[in-house]
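In the working numbering, the protein residues as written are -10 to 289.
The C-beta atom is built at its ideal place from N, Cα and C for all residues, glycine as well.
For reference, the structure discussed in these notes is given below.
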Amino acid sequence: MAEPSTEPSEQPFNVLAVDLGVRHLVAGVVGPDGEVGVRDRVVPPTRQPWVALARLVDRVLAATPPESRPSVCGVTGPGPVLADIGEFRSVTVHGWEGVPLRRLVAEATGLPTVLSSTGHAHAVANAPERGSLIGLYLGDQVDGGIVRDGRLLGGANGHLGGFGHMLVDPDGAVCPCGSPGCLDLYAGAVSLESQFGREVSRVPETTIDRAGIMLARACASLAAMLDIHRIVIGGPVVTALGRRLTDALSAELDQRSRLVHLEELHIRAVRQHVLVGAAAVARHRVATGGIDPVPAMTPS
Ligand SMILES: [Zn+2]
């Protein structure tokens, strides 16, 4: 399944962007050039996260100047997203099952609202115009997306890009999804923190090296299968593990990407606010005709 390409330069409106995580709910207003303006965050409560999110969004909109009022809303979170009913259904981040989030946000804000996996949003935010890219997002869980010739690929159920559940170690531990050796066990924040009982930024160096090796295995397999030579890796785990992670990835990849058509494989690590992705995926949906932005407020 594919969608038409985007034309972000033709979208001068602002976007209300929201991201849901294990340790944060964050909301903000993102401008046409991707700059994040007014923003706020809270620690999600263990019960009724929607109530906390509604208050957060209210605060952000109240603090937003009239001339910066958003015209659409993009909400990201750990996939998969059940697009037909507008819910998140993650195996890692709980509390949103059965919450009709797209409808609730749209009713609370009056804005056309898009739900997306953080991985899809990351891929869309970093794809070159009309170009191709594999996006890997290392957040609470490992997620991703594929943009081919400017089109975000969805898959039969819209779940394409769940790279966290690629098998990278046949002898590995069992993942919450039920299979052994998934990439998420080695490069997802929730998995790493549960294994070591500490923040990702404080895991042992050998664990960082192992994460780089497993990422390289995943990248080499994806690039070989898909014939896409540009991979962008982002998310808080990339930021936390830093240069050691990317060095380990590069060293392993040199051993694995010997196919002729992978000689031009380029992997880039980015540091990017998660709200940039949420805004990008909402703009993508506008550009593809999925939603219409509400008219911007004009000066009286
Ligand atoms: Zn898994």
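Residue j beta carbon less than 8 Å from that of residue i
i	j	result
Val265	Ala114	yes
Met203	Asp129	no
Leu174	Gly161	yes
Ala95	Ala267	no
Gly147	Ala72	yes
Identified DSSP bridge partners for residue i
i	result
Leu149	Paired residues: none, contrary to the question.
Ile202	Bridge partners of Ile202: none, in fact.
Thr65	Asp8 and Ser105
Glu76	Leu71
Ile299	The structure shown does not extend to residue 299, since the chain spans only -10 to 289, so no value can be given for it.
Val163	Pro169
The alpha helix (DSSP H) enclosing residue i, as first and last residue numbers
i	result
Asp243	Pro225 to Arg245
Arg274	Val263 to Ala276
Leu42	Pro38 to Ala52
Ala258	Ala258 -> not in any alpha helix (DSSP H); beta strand (DSSP E) instead, spanning His255 to Ala258.
Val323	Examination of residue 323 is not possible in this model, given that the chain is present from -10 through 289 alone.
Assigned secondary structure, residue i (DSSP; H/G/I helix, E/B strand, else coil)
i	result
Glu210	Inspection of the sequence shows that residue 210 is occupied by Ser rather than by Glu. Note: Ser210 maps to helix in three-state DSSP.
Gly99	coil
Glu118	coil
His154	helix
Val88	coil
Ala(-9)	In this prediction, Ala(-9) has a pLDDT of 43, which is less than 50 and means its spatial position is unreliable; nothing more can be read from the coordinates.
Arg140	strand
Ile280	coil
Val113	helix
Ile197	helix
Val192	coil
First through last residue of the beta strand (DSSP E) which encompasses residue i
i	result
Asp132	Val131 to Arg137
Ala16	Leu14 to Val19
Asp29	Val25 to Val31
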